[in-house]
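Structure first, commentary second.
There are 2 protein chains.
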Amino acid sequence: MFQNALAEAGAAVSDHLDDVLAPFEGELGAAMRYACGGGKRLRAFLVLESARLHGVARSPALDAAAAIEAVHAYSLVHDDMPCMDDDDLRRGLPTVHVKWDEAMAVLTGDALQAVAFELVTDADLPDMARLCLARGLARAGGGHGMVLGQVLDIAAETAATPLTLDQIKRLQALKTGALFEWSATAGAVMAGADPAPLARYAEAFGLAFQIADDILDVEGDEAQTGKRVGKDAAAGKATFVSLMGLDGARAEAQRLVDLACDALAPYGEAAGNLREAARFVISRQS
Amino acid sequence: MFQNALAEAGAAVSDHLDDVLAPFEGELGAAMRYACGGGKRLRAFLVLESARLHGVARSPALDAAAAIEAVHAYSLVHDDMPCMDDDDLRRGLPTVHVKWDEAMAVLTGDALQAVAFELVTDADLPDMARLCLARGLARAGGGHGMVLGQVLDIAAETAATPLTLDQIKRLQALKTGALFEWSATAGAVMAGADPAPLARYAEAFGLAFQIADDILDVEGDEAQTGKRVGKDAAAGKATFVSLMGLDGARAEAQRLVDLACDALAPYGEAAGNLREAARFVISRQS
């Protein structure tokens, strides 16, 4: 069952992050641990499932899962700052710059990025696997990946014309897709296997995930999603729904989920959890 | 001659950073290149000298030098932000958050940290050397090193009592010393040699460098240093000068420079530039 696997992955990676972050001292350590608390742990789940499919040992798999959650957490801490999305709450709790201050938010994010590289370079894996993880993380999380996606997203908010569908696809592939791909392929990379099927899965899955997010923004229940709905439409932002219509967006998300599931064919039944995960994201209510 | 070697290192690493950063697109790329412009390039010089002492090839040495300058640049972009040091000018030019905005400053720093890991993991070196560089950079630049030093420095500004001498030494060892040590030992790490002598050199050199900075803050010429002097004293901050007196600080800096030079004994005459560098920092006027 996907839901059980996700919950187990979440609990395991949370425990591991607690251990890894315990030695960081003072307020910085407290803020790093706080920033890494909670969340769906979807990226950690992808890493652990991908590792399981390739027979990777538990310890390095958890290191890689903790690393990607640290990168995800750093990006949220920085994105929540007043100069970016200006969010006071994250998962129902005050964001780092509210609970501490903006300086601590900048530095907490910086330290969490560094710890991710510490985790993958220290993992109990062959040298080449550790190098591939670290290099991949630098590319997926940096100025050719996630950070560029964030810059394009901010630029889109003040652009004279709304983004086209191709531009939104690219933005999302950078902002979210790059870390999804790193996560889903991590098991193959750790085992020295071909990451191509998992990369195809992650690409389709990541896009379906974003389309589902846009659909939820239009028709979601605020009480269930925990965020204000209609936020994007109110801001006049182009979304998959504004560009494809609600039915068109639903159909495209379904097409992408089928594509993601098909990409897992080489793994047969063993990839059941990953298939369920893809189907779940377009049926979720929050 | 140290001054020539420093100028050559600066020119070479600037050229290499231009090449490395050229593919980053749009405003993000422009801000990354802008943030990496100029500076003394002392860390790059340490890397290149250390590489030369160990017969490391030019190409990986330049990658490591560019990586440490990217980390240094990221830390300056973030430190200059209004929520930290709030500096509008850096090397006589508008800081990134002034020329662009605060969001771009956060993201530029984030991308520069990532690019440093890309550089060292991609360097033309044995796998173990690349891993050691990356792991060392994550530790020296992260929440056990530079970032922790910055947090302690900010906390000291609002603390009820000024820092003690031991506390200032620790703060500086983290904030500046950790990256100095990574730089000076990089050549040994790349060659798989013992980094201990260069680590001892860097520790003493880094501390002398900070003491010299405090002395310059008291008796420097604003026109030559390019920054307002007396800033620390006006802010009521404990400095090496406030704690040791001007003569005491000068004597301690000299003692540390001698210690740094002695640590280079295993390298004999070949380490002349590194010795000159240590002597230079306590005689510099800017």
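Protein chains in written order, with the numbering used here: chain A, 3 to 288; chain B, 3 to 288.
From the three backbone atoms N, C-alpha and C, an ideal C-beta is built for every residue, glycine too.
Judged by DSSP in its simplified three-state form, R92 of chain B adopts strand.
In the displayed model, G151 of chain A falls within a helix according to three-state DSSP. Y36 of chain B: member of the alpha helix (DSSP H) spanning 28 to 37, first to last residue.
When secondary structure is reduced to three states using DSSP, K239 of chain B falls in the coil class, being assigned neither helix nor strand. For Y36 of chain B, not one C-beta of chain A is nearer than 9 angstroms to its own C-beta.
CA-to-CA, the gap between R277 of chain A and A262 of chain A works out to about 8 angstroms. No Cβ-Cβ contact shorter than 9 angstroms links Q169 of chain B with L150 of chain B. Not one beta carbon of chain B lies nearer than 9 angstroms to the beta carbon of Q174 of chain A. For M130 of chain B, the chain A residues whose C-beta falls within less than 7 angstroms of its own C-beta are D129, listed in chain order. At a C-beta separation below 7 angstroms, F119 of chain B has these neighbours in chain A: F119, A136, A140. Close to chain B, meaning a Cβ-Cβ distance shorter than 9 angstroms, are the following residues of the region 146 to 161 of chain A: H146, G147, M148, V149, L150, Q152, V153, L154, I156, A157. Listed in chain order, the positions of the region 84 to 106 of chain B with a beta carbon within less than 9 angstroms of a beta carbon of chain A are P84, C85, M86, H99, D103, E104, A105, M106. The residue among B:M83, B:A14, B:V98, B:H80 with its C-alpha nearest the C-alpha of R35 of chain B is B:V98. About 13 angstroms separates the beta carbons of D90 of chain A and V79 of chain A, which is beyond the 8 angstroms limit, so they are not a contact pair. With three or more CB-CB distances shorter than 8 angstroms, the region 249 to 257 of chain B counts as touching the region 206 to 217 of chain B. Residue nearest to V49 of chain A within the set A:A116, A:T187, A:D126, A:L176 is A:T187 (criterion: CA-CA distance).
Around the beta-carbon of L95 of chain B, fewer than 16 other beta-carbon atoms lie within 10 Å, marking it exposed.
In this structure, B:V283 is the residue among B:A180, B:V283, B:D87, B:G270 with its C-alpha nearest to the C-alpha of V259 of chain B. With respect to the C-alpha of M192 of chain A, the residue from A:D65, A:G247, A:Q174 having the closest C-alpha is A:D65. With a cutoff of 9 angstroms on beta-carbon distance, A265 of chain A and L200 of chain A are scored as near each other. By the Cβ-count criterion, R60 of chain B is exposed, with fewer than 16 other Cβ atoms from all chains shown falling within 10 Å of its own Cβ. Rounded to whole angstroms, the gap between the alpha carbons of E71 of chain A and S77 of chain A is 10 angstroms.
By the Cβ criterion, the region 121 to 138 of chain A is in contact with the region 122 to 130 of chain B, since at least three pairs of Cβ atoms, one from each stretch, lie closer than 8 angstroms. No residue range can be given for C85 of chain A, since it is assigned to no alpha helix (DSSP H) and is classified by DSSP as neither H nor E. Cβ proximity to chain A below 8 angstroms picks out nothing from the region 47 to 68 of chain B. Within its own chain, the residues whose Cβ lies closer than 8 angstroms to the Cβ of M86 of chain B, once the five positions on either side in sequence are excluded, are H80, Q152, I156, listed in chain order. In the three-state reduction of the DSSP assignment, L127 of chain A falls in the coil class. Nearest neighbour of L8 of chain A by Cα position, chosen from A:D103, A:G41, A:L173, A:G179, turns out to be A:G41. For E29 of chain B, the chain A residues whose C-beta falls within less than 8 angstroms of its own C-beta are V153, A157, listed in chain order. Under the three-state reduction of DSSP, W102 of chain A is assigned to coil, being neither helix nor strand. When C-beta distances to chain B are compared with 8 angstroms, the residues of the region 4 to 33 of chain A below that value are P25, F26, E27, G28, E29, L30, G31, in chain order. In this structure, DSSP gives P268 of chain B a helical state, which the three-state scheme calls helix. A14 of chain A is a Cβ neighbour of A67 of chain A, given a cutoff of 9 angstroms. Measuring C-alpha to C-alpha distances from R202 of chain A to each of A:S185, A:H56, A:G194, A:I217 identifies A:S185 as the nearest.
At a beta-carbon threshold of 8 angstroms, none of the residues of chain B lie near G179 of chain A; the nearest stands roughly 16 angstroms away. Exclusion of the five residues before and after A251 of chain A leaves I213, D216, I217, F242, V243 as the residues of its chain whose Cβ lies within less than 7 angstroms of its Cβ.
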